[in-house]
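**Student:** Quick one: structure below, then a few questions.
This is the structure:
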């Protein structure tokens, strides 16, 4: 597999960068290691601070 760019992380910044690169005609691979975001701690805005420092949700840049 070949691409012009590899974007590591499909968060809001990674997706925006990948979109702009693809829009400009470049081929892009996006690599994401995270699991599903279907959990209530992620989907419910008021609960977003709860999973902070929980290894399942916060990898601490590791």
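Numbering (the working numbering), first residue to last: 21 to 82.
Yeah, the Cβ is synthetic: ideal placement off N, Cα and C, and Gly gets one too.
Small disclaimer: the values here were computed from a predicted structure and weren't measured.
Which whole-angstrom value is the C-beta distance of residue 49 and residue 75, which I expect to be below 8 Å?
**Tutor:** The Cβ separation is near 27 Å, so there is no contact.
**Student:** If we call anything under 8 Å between Cβ atoms a contact, is residue 52 one with residue 29?
**Tutor:** The answer is yes: Cβ separation under 8 Å.
**Student:** Which same chain residues end up closer than 6 Å to residue 41 when comparing Cβ atoms and leaving out the 5 residues on each side of it in sequence?
**Tutor:** These residues qualify, in order along the chain: 25 and 48.
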